[in-house]
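**Q** Starting off with a structure, shown below.
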Amino acid sequence: MIGSVLRRLPAAILLALAAGSAIRAVSAPAADRSAPTAATTAAAGAPPIERPPARGKAPAATGPIATYPVSELRPGQMGIARTVFEQDRLEEFQVEILGVLKNAIGPKQDMILARLKGEKVEFTGVVAGMSGSPVYIDGRLLGALSYRIGQFSKEPIAGITPIGDMLDLVAKPAPPARAAASHPPDILGWLARGADPRSFPGPAPVTPVAAGDSLGLRPIAMPLVCAGCAPEALRAYAPAFEAMGFEPTLGGGVDSDAEGPLPEFTPGAAIGATLATGDLNLSAVGTLTYKDGNRVFGFGHPMTGAGAIEVPMTQARVVVTLASQAGSFKIANATAPIGAIVEDRLTAIVGEIGRAAPMMPLTVSVNAGGGRREFHYSLTCDRTWAPVVMGITAASSLLRTAEFEADATLNLKYRFELQGYPPIEQERLYAGVNASQPVHFQVANEPT
């Protein structure tokens, strides 16, 4: 319930097992990214691939570009798709057009059905993290690989979201702000006066449903790479992420190699959305479809369909693509934020390079027999993600403390500081007597 409040104002949160002191909200400044780079070698059937820019510099604009209309498609036509399978290398494979599924994504939202061809893609099949890979016919951008057919299909058949439906997102006026209507205006003051948050009759949570899921067509999953997550915590919260179209996996964190160049940020490069940084990193990975100046389009399907959002946008280095009969996926490291994802809609995500997304600082202080340990995180302020991300960070903090015992008795104190409101403080006592919900998950779920 408190999670529904967090999107409204930057907040500082302290979770303490015993005692602690408050922290205040901070926002990281935007990085300096300015100098463009030039295009170099040309690829058959697709625009040229660019060299990677120096770290700290803005990638070159790649648009505007000619697009290929759906009305001109014919079965049997061949195109070229571009993605990253390993490291920063953009690789291409062929796409054979099979036809157009009318209204498959939604009313007046067609999907192009295609067969992927090439030694590598026929071995891996449709890969989680491939969402957004651009498809070109005769050098014109057709759309983004975005949907898969079933899970154990014998050949790589994929759905393509037409680029016209993705670009339409910027032609429509932004919806009105919804903060005032999404919860009662007195909720913060109500909590600050000491009310029990569990007694507030807030709205029931909504579980996102993937478009086309009932037809056997589902968005290509996005790897959700977690560095610093306790495996037990990741397993416990995996269903919540999977319901949103993510594929949680343990992996690497932020790539802080200051000497090396950033990955190429041209269509086909890996793009990420960061939900948490600090002593734990949680990032979702997809693919960049199109870039025009500082505006980028990716995925070809929604993350959660939340609409107008502000989530840190990163690039990503793909370490390796793991082939699996159950579903291949990319394992990657995120880079530092380069901008913000500002739209999460039916046909695409839209980001802005150079824009800073607000993050919510969180400190978890654990006092046990071995002394006091503190963990520091920055969490997304998005109302869909914040409660789940806070839970997994709190649970991982406990499980990564050597003195922790699953049957322990824990005293939880937490404090929220929100701009313009008095602090919100609560205290709870938990005992590890419920085998179905261990004490560390009881504590982690309390303030979310």
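Residues 597 to 1044 in my numbering are what the sequence shown spells out, letter by letter. Glycine is no exception: its CB is placed at the ideal position from the N, C-alpha and C atoms.
#1: Does DSSP classify D628 as helix, strand or coil?
#2: Which of the three DSSP states, helix, strand or coil, is assigned to R831?
#3: Just to confirm, are T943 and D684 a CB contact at a threshold of 7 Å?
#4: Compute the Euclidean distance between the alpha carbons of F861 and F689, then round it to the nearest angstrom.
#5: With DSSP as the reference, label N877 as helix, strand or coil.
#6: Using 10 angstroms around the beta-carbon of E715, count the other beta-carbons present and answer buried if the total reaches 16, otherwise exposed.
#7: Please list the terminal residues of the continuous beta strand (DSSP E) segment that includes G755.
#8: If you measure between the beta carbons of T720 and G864, is that distance less than 7 Å?
#9: Just to confirm, are I820 and V985 a CB contact at a threshold of 7 Å?
#10: Can you tell me whether S974 is helix, strand or coil according to DSSP?
#11: On the CB-based measure, 16 or more other CB atoms within 10 Å of its CB, does L1025 come out buried or exposed?
#12: What residue from S961, D1003, N1041 has the CA that sits closest to P983's CA?
#13: Considering only the beta carbon of each residue, do G935 and M956 sit closer than 7 Å?
#14: Just the Cα atoms here: how many angstroms apart are G675 and E1001?
#15: If you draw a straight line from the C-alpha of Q673 to the C-alpha of S729, how long is it?
#16: Spell out a yes or no on whether the stretch 873-893 and the stretch 962-978 are touching, meaning 3 or more CB-CB pairs, one atom from each, closer than 8 Å.
#17: Is S727 near S742, with beta carbons less than 7 Å apart?
#18: Could you check the C-alpha separation between V666 and F895 for me, to the nearest Å?
**A** Looking at the coordinates:
#1: As a working note, residue 628 is residue 32 in the sequence shown. Because D628 carries a pLDDT of 38, less than 50, the predicted location of this residue cannot be relied on, and the following value inherits that uncertainty. Coil.
#2: In the sequence shown, counting from the first residue as 1, residue 831 sits at position 235. Note: R831 maps to helix in three-state DSSP.
#3: Here the question's residue 943 lines up with position 347 in the sequence shown. Here the question's residue 684 lines up with position 88 in the sequence shown. Not closer than 7 Å, so no.
#4: Within the sequence shown, the letter at position 265 stands for residue 861. Within the sequence shown, the letter at position 93 stands for residue 689. Rounded to whole angstroms, F861 to F689 spans 19 Å at the Cα level.
#5: By one-based count along the sequence shown, residue 877 stands at place 281. N877 falls in the strand class under three-state DSSP.
#6: In the sequence shown, residue 715 corresponds to position 119, counting from 1. Exposed, by the Cβ-count rule.
#7: Taking the first residue of the sequence shown as position 1, residue 755 is located at position 159. Per DSSP, G755 belongs to the beta strand (DSSP E) from 753-758.
#8: By 1-based counting over the sequence shown, the position of residue 720 is 124. By 1-based counting over the sequence shown, the position of residue 864 is 268. Not in contact: T720 and G864 (Cβ atoms no closer than 7 Å).
#9: As a position in the sequence shown, residue 820 is number 224, starting the count at 1. As a position in the sequence shown, residue 985 is number 389, starting the count at 1. The amino acid occupying residue 820 in the given sequence is Leu; Ile does not appear at that position. Not closer than 7 Å, so no.
#10: Taking the first residue of the sequence shown as position 1, residue 974 is located at position 378. DSSP places S974 in strand when its eight states are reduced to three.
#11: As a working note, residue 1025 is residue 429 in the sequence shown. With fewer than 16 other Cβ atoms within 10 Å, it is exposed.
#12: Mapped onto the sequence shown, residue 983 falls at position 387. The shortest Cα separation from P983 among S961, D1003, N1041 belongs to N1041.
#13: If you number the sequence shown from 1, residue 935 lands on position 339. If you number the sequence shown from 1, residue 956 lands on position 360. One thing to note: G935 has its Cβ no nearer than 7 Å to the Cβ of M956.
#14: As a first step, residue 675 is located in the sequence shown; it is residue number 79 there, counting from the start. As a first step, residue 1001 is located in the sequence shown; it is residue number 405 there, counting from the start. Those two C-alpha atoms are separated by around 57 Å.
#15: In the sequence shown, counting from the first residue as 1, residue 673 sits at position 77. In the sequence shown, counting from the first residue as 1, residue 729 sits at position 133. S729 has its alpha-carbon roughly 18 Å from the corresponding atom of Q673.
#16: yes
#17: In the sequence shown, the residue the question calls residue 727 occupies position 131. In the sequence shown, the residue the question calls residue 742 occupies position 146. In contact: S727 and S742 (Cβ atoms closer than 7 Å).
#18: Position 70 of the sequence shown holds residue 666. Position 299 of the sequence shown holds residue 895. Near 19 Å, if we compare the C-alpha coordinates of F895 and V666.
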